[in-house]
Amino acid sequence: MSASFTHVFSPLRLRGCDIRNRILSTGHQTYLAKGNMPTEDFIAYHEARARGGVGLIVNEAARFHVSSVGEAPDLTILTDDAIPHYARLAEAVQRHGAKIFGQLSHSGRVTRRMTNGMRGVVYAPSPVPENRFQVIPREMPTEMVAEVVGACAEGARRYAEAGYDGIELMASHGLLFAQFLNSTSNRRDDIYGGTPENRLRALSDALRGVRKSVGPDLVVGLRISADEDDEGGMGKDLVLSICRSLCAEGLVDYINTTFGTMAAIGASIHVVPPMEVAPGYVAPYAAAIRAAVPVPVFVAGRINQPQMAESILAAGQADMCGMTRALIADPDMPNKAREGRLDEIRACIGCNQGCIGHFHAGSSISCIQNPSTGRELRLPPVEPTTRPLRVLVAGGGPAGLMAAVTASEMGHQVVLAEAGAQLGGQALLAQLLPDRAEFGGLVTNLTQRLSQKQVEVRLNSPVTAATVAQIAPDAVLVATGSTPVDMEVVGAEAKNPVDAQDILTGKATAGARVIVADWRGDWIGIGIAILLQRRGHDVRLAVNGIGAGMNLQQYLRDHWAGKLHAAGIQVVPYARIYGVDGDAAYFLHAASGEPMVLSHVDTIVLASGRAPRATLENELRGSGLPFTTLGDATIARSAEEAIYDGHSITREFLSALAAEKAMT
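Per the UniProt record's numbering, residue 1 is the first one in the sequence shown, and the count goes up by one each step.
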């Protein structure tokens with residue numbers, strides 16, 4: 001074991017459950033369930049993390065009562081028919097030495113519950129409007145609350161019969177039990193409301209029922225937001241009081257702390273905190289609870305490196321660290337840390353694109369840096385080829401870097417040629433945007449992996465047909481990236497608009513009064529607007545859609561909308577740039593087609609689309625040399641697709657080519 005992580009790799013005992021280390025994969029939705037049950041993909045996903053050395057896995061929340069079941073591929077544990085499905089998952093995790101707890105949840109009013117494509121009935125403690133989901137729920141009758149409490153115990157029993165090591169109830173993120181605890185959302189006058197003791201009753205009754213149903217040996221814990229960080233949410237003092245009360249009665253074996261609430265647009269950013277949030281920022285809140293209760297306290301919230309976990313544990317702020325996204329990015333992180341292979345860890349950068357971003361897009365979990373995440377069965381570890389090829393990778397951006405790493409892992413002889421003086425491509429620009437510096441970690445991780453491979457790297461080496469002839473490869477992987485598209489602004493020759501990329505590189509400067517014309521709806525327009533505002537410019541952001549950041553994950557979109565407002569940046573929706581004349585910029589309303597004029601403009605900055613840099617592709621066509629395009633060289637998208645192409649297409653293309661050559 002690495003001497004650097006003595007606390008991380010010390011065991012933790014909860015009741016009769018011995019957990020091998022202090023690394024936790026918290027419950028998180030994967031969209032890998034089908035028919036509300038774990039699938040082979042679901043099991044493979046969690047088994048990969050168990051094999052990678054995690055101590056404890058809490059599988060994603062299972063709905064235990066029909067009033068919380070919708071159309072999304074959530075887990076349910078409503079009947080005994082579910083037991084064999086969960087037993088297969090438990091066995092897959094436990095055979096690698098990890099423990100598994102089953103999470104039980106009811107969303108209450110924090111949902112747009114859908115049934116057969118229609119909005120279903122939403123139940124909550126009281127009919128208080130929910131501002132994020134625009135729901136006014138139906139109040140649960142007293143007898144229904146008791147029914148839900150009983151169903152929670154039955155769900156726990158099913159987990160126990162499936163061989164689980166423990167149970168975790170969710171009272172976090174503004175979900176049903178949190179709604180009962182909060183006087184803002186609980187305005188009842190029966191036994192489940194009115195006083196702090198009554199508001200606690202639904203949760204405490206559920207915990208008593210769970211303990212009775214699973215017996216004395218299984219671990220029973222609670223997940224709760226240490227502070228919901230919302231005016232109408234639970235504050236840290238109330239949460240501390242709740243934790244004390246539950247522990248005084250011996251109802252929980254541990255408390256798993258998180259932060260924020262899904263019930264508020266602003267505070268929802270804490271559900272999956274992004275890269276601008278300080279790593280480990282919830283630890284002081286966990287420490288306050290730990291000092292007040294006699295049970296172990298877990299903490300989660302941007303703990304993306306084992307060094308951070310060790311620091312939190314050594315300081316006595318918590319007893320276990322949730323490192324979910326760190327494990328999404330690198331399921332082998334625990335084993336690598338334990339063995340001292342820190343340079344091999346693929347650190348999470350907090351971009352939230354492939355994890356929670358996929359969930360909100362209705363897609364299965366993945367990771368911008370790790371294409372195998374969520375695709376463990378389809379993209380298992382590569383196997384060395386028996387027919388090595390000489391491979392030229394043209395371009396050292398994310399697609400090219402991943403292609404070079406993958407080809408080398410397959411056993412091929414690889415030359416990576418990059419036209420510029422530095423590897424990283426557009427990711428080097430993305431890290432220059434405000435509060436996005438950690439995006440550069442993507443390049444750090446890829447170049448670190450590259451340095452561990454037998455790859456010849458050539459910088460300042462643009463690839464042409466002559467270069468290809470000189471290197472004489474068996475195949476070329478074209479990852480030459482993309483260039484900004486001319487947006488054909490009328491009058492641009494008289495008042496030349498500048499591209500956002502040129503602002504970032506310093507190639508262009510902006511006047512005092514700026515309009516950012518954002519065609520993309522992603523980080524670029526928002527980031528440039530904030531960047532220039534912080535430099536002292538008067539900035540307006542004209543977006544070609546309903547609002548700023550419309551193509552971003554919703555927590556991030558809402559968070560940055562708040563930052564734009566706080567910065568005093570006017571956002572002009574449905575504005576498509578058309579022309580410029582003097583100090584006026586002309587737009588067309590994207591929906592009505594009517595003209596829009598924005599006056600007093602010194603500089604227009606274009607956040608435009610991009611097109612493939614196709615010169616090399618065109619030169620290779622007809623040459624007879626096998627090649628394929630990757631990433632933006634195929635069609636401009638994001639770093640996620642570039643890295644996915646660099647891995648999956650490289651595997652498929654080179655495997656097929658090696659097999660073909662083996663037959664000749």
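Ideal placement from N, C-alpha and C gives every residue a C-beta, glycine not left out.
Beta-carbon proximity of Asp230 to Thr261, cut-off 8 Å: By 1-based counting over the sequence shown, the position of residue 230 is 230. By 1-based counting over the sequence shown, the position of residue 261 is 261. Yes; because the gap between Cβ atoms is below 8 Å, this pair is in contact.
Contained beta strand (DSSP E) runs [length at least 3] in the stretch 320-382, N- to C-terminal order: Uninterrupted beta strand (DSSP E) stretches at least 3 residues long and entirely within the stretch 320-382 occur at 320-322, given in chain order.
Collapsed DSSP secondary structure at Pro595 in the structure displayed: Mapped onto the sequence shown, residue 595 falls at position 595. Three-state result, Pro595: strand.
Assigned secondary structure, Arg458 (DSSP; H/G/I helix, E/B strand, else coil): Here residue 458 corresponds to residue number 458 of the sequence shown, with the count starting at 1. In the three-state scheme derived from DSSP, where H, G and I count as helix and E and B as strand, Arg458 is classed as strand.
Per-residue burial, Ala288 [other beta carbons within 10 Å of its own, 16 or more giving buried]: Sequence index remark: in the sequence shown, residue 288 carries index 288 (1-based). Buried is the call here.
Span of the alpha helix (DSSP H) around Glu619: Numbered from 1 along the sequence shown, position 619 holds the residue referred to as residue 619. Where Glu619 is concerned, the enclosing alpha helix (DSSP H) stretches over 615-620.
Residue of Ile356, Arg436, Ala472 minimising C-alpha distance to Leu504: On the sequence shown, position 504 is the one that residue 504 refers to. When each option's Cα is compared against that of Leu504, the closest is Arg436.
Whole-angstrom C-beta distance between Glu168 and Gly250, which should lie under 8 Å: On the sequence shown, residue 250 is found 250 positions in, with the first residue counted as 1. On the sequence shown, residue 168 is found 168 positions in, with the first residue counted as 1. The beta carbons of Gly250 and Glu168 sit about 17 Å from each other, so the pair does not count as a contact at 8 Å.
Close beta carbons around Leu392, own chain, < 6 Å, minus the five adjacent residues each side: The residue given as residue 392 occupies position 392 in the sequence shown. Only residues of its own chain outside the window of five on either side were considered, and among them Val415, Ile471, Pro473, Val476 have a CB closer than 6 Å to the CB of Leu392, listed in chain order.
Segment limits, alpha helix (DSSP H) that includes Asn445: Position 445 of the sequence shown, counting from 1, holds the residue named residue 445. First-last of the alpha helix (DSSP H) with Asn445: 441-451.
Segment contact flag, the stretch 312-327 with the stretch 13-29, C-beta cutoff 8 Å, min 3 pairs: Yes: at least three Cβ pairs fall under 8 Å.
Per DSSP, the bridge partner or partners of Leu24: Looking up residue 24 in the sequence shown gives position 24. Leu24 is bridged to Leu56, Gly322.
Rounded straight-line distance, which links the Cα of Ala318 to that of Phe298: As a position in the sequence shown, residue 298 is number 298, starting the count at 1. As a position in the sequence shown, residue 318 is number 318, starting the count at 1. Rounded to the nearest whole angstrom, the C-alpha separation of Phe298 and Ala318 is 6 Å.
Environment of Gly511 [buried if 16+ CB atoms lie within 10 Å]: For this step, residue 511 is matched to residue 511 along the sequence shown. The residue is exposed, with fewer than 16 neighbouring Cβ atoms inside 10 Å.
Buried versus exposed, by CB contacts within 10 Å (16 or more), Ala278: For the purposes of this step, residue 278 is taken as the residue at position 278 of the sequence shown. Ala278 sits exposed, since fewer than 16 C-beta atoms from the chains shown fall within 10 Å of its C-beta.
Contact check, residue 702 vs Ala171, beta carbons under 8 Å: This structure cannot speak to residue 702, because the chain is shown only from 1 to 664.
Among Gln454, Val455, Leu429, nearest to Val443 - alpha-carbon criterion: Counting from 1 along the sequence shown, the entry for residue 443 is found at position 443. A check of alpha carbon separations from Val443 across Gln454, Val455, Leu429 identifies Leu429 as the nearest.
Nearest-angstrom Cβ-Cβ length linking Gly148 and Ser213, presumed shorter than 8 Å: Residue mapping note: residue 148 aligns to position 148 of the sequence shown, counting from 1. Residue mapping note: residue 213 aligns to position 213 of the sequence shown, counting from 1. Sequence check: residue 148 is Val here, not Gly. Approximately 14 Å separates the beta-carbon atoms of Val148 and Ser213; this is outside 8 Å, ruling out the contact.
C-alpha gap between Ile528 and Ala500, whole angstroms: Taking the first residue of the sequence shown as 1, we reach residue 528 at position 528. Taking the first residue of the sequence shown as 1, we reach residue 500 at position 500. Their backbone Cα atoms lie some 7 Å apart in a straight line.
At least three beta-carbon pairs within less than 8 Å, the stretch 47-63 to the stretch 347-356: With a cut-off of 8 Å, the stretch 347-356 and the stretch 47-63 do not count as touching, because too few Cβ pairs lie within range.
CB contact flag (Ser482, Lys453, <8 Å): Within the sequence shown, the letter at position 482 stands for residue 482. Within the sequence shown, the letter at position 453 stands for residue 453. No, Cβ-Cβ distance for Ser482 and Lys453 is not below 8 Å.
Pairwise C-alpha distance: Arg22 and Arg302: Numbered from 1 along the sequence shown, position 302 holds the residue referred to as residue 302. Numbered from 1 along the sequence shown, position 22 holds the residue referred to as residue 22. Taking the straight line from one Cα to the other gives about 16 Å.
Identified DSSP bridge partners for Lys99: Taking the sequence shown and counting its residues from 1, one reaches residue 99 at position 99. DSSP output for Lys99 lists Leu56 as bridge partner(s).
Residue closest to Arg187, alpha-carbon to alpha-carbon, out of Glu139, Arg576, Asp205, Ala226: One-based indexing of the sequence shown puts residue 187 at position 187. From the listed residues Glu139, Arg576, Asp205, Ala226, the smallest Cα separation to Arg187 is found for Glu139.
Counted within 10 angstroms of its Cβ, other Cβ atoms place Pro137 as buried (16 or more) or exposed: Counted from its first residue, the sequence shown places residue 137 at position 137. Taking all protein chains shown into account, Pro137 has 16 or more neighbouring C-beta atoms within 10 Å of its C-beta and is therefore buried.
Neighbour-count burial assignment, Met333, 16 or more Cβ in a 10 Å radius: The residue labelled residue 333 in the question sits at position 333 within the sequence shown. Counting the other CB atoms within 10 Å of its CB gives Met333 a total of 16 or more, which places it among the buried residues.
Within 8 Å, strictly: CB atoms of Asp253 and Val293: Reading the sequence shown from its first residue, position 253 is the one you call residue 253. Reading the sequence shown from its first residue, position 293 is the one you call residue 293. Not a contact, by the Cβ cut-off of 8 Å.
With 16 other Cβ atoms within 10 Å as the buried cut-off, status of Ile546: Walking along the sequence shown from the start, residue 546 turns up at place 546. Ile546 is exposed by the Cβ-count criterion.
With 16 other Cβ atoms within 10 Å as the buried cut-off, status of Asp237: To locate residue 237, count along the sequence shown from 1; it is residue 237. Looking at its Cβ environment, which holds fewer than 16 other Cβ atoms inside 10 Å, Asp237 is exposed.
Span of the alpha helix (DSSP H), counted from its first residue to its last, around Gly527: In the sequence shown, the residue the question calls residue 527 occupies position 527. Under the DSSP assignment, Gly527 falls in the alpha helix (DSSP H) whose first and last residues are 523-534.
Reference Val478; option with closest CA among Tyr555, Ala642, Ser363: To locate residue 478, count along the sequence shown from 1; it is residue 478. Per the C-alpha coordinates, the member of Tyr555, Ala642, Ser363 positioned closest to Val478 is Ala642.
Straight-line gap, Leu14 to Ser366 (C-alpha atoms, nearest Å): On the sequence shown, residue 14 is found 14 positions in, with the first residue counted as 1. On the sequence shown, residue 366 is found 366 positions in, with the first residue counted as 1. When rounded, the distance between both Cα atoms is 31 Å.
Opening and closing residue of the alpha helix (DSSP H) in which Ala206 lies: Mapped onto the sequence shown, residue 206 falls at position 206. 196-214 is the span of the alpha helix (DSSP H), which, as asked, contains Ala206.
Inter-residue spacing [alpha-carbon to alpha-carbon] between Asp538 and Asp165: Walking along the sequence shown from the start, residue 538 turns up at place 538. Walking along the sequence shown from the start, residue 165 turns up at place 165. Rounded to whole angstroms, Asp538 to Asp165 spans 58 Å at the Cα level.
C-beta contact flag for Ala61 and Leu104 at 8 Å: Taking the sequence shown and counting its residues from 1, one reaches residue 61 at position 61. Taking the sequence shown and counting its residues from 1, one reaches residue 104 at position 104. Contact: yes.
Endpoints, beta strand (DSSP E) assigned at Pro484: For the purposes of this step, residue 484 is identified with residue 484 of the sequence shown, where counting begins at 1. Where Pro484 is concerned, the enclosing beta strand (DSSP E) stretches over 482-484.
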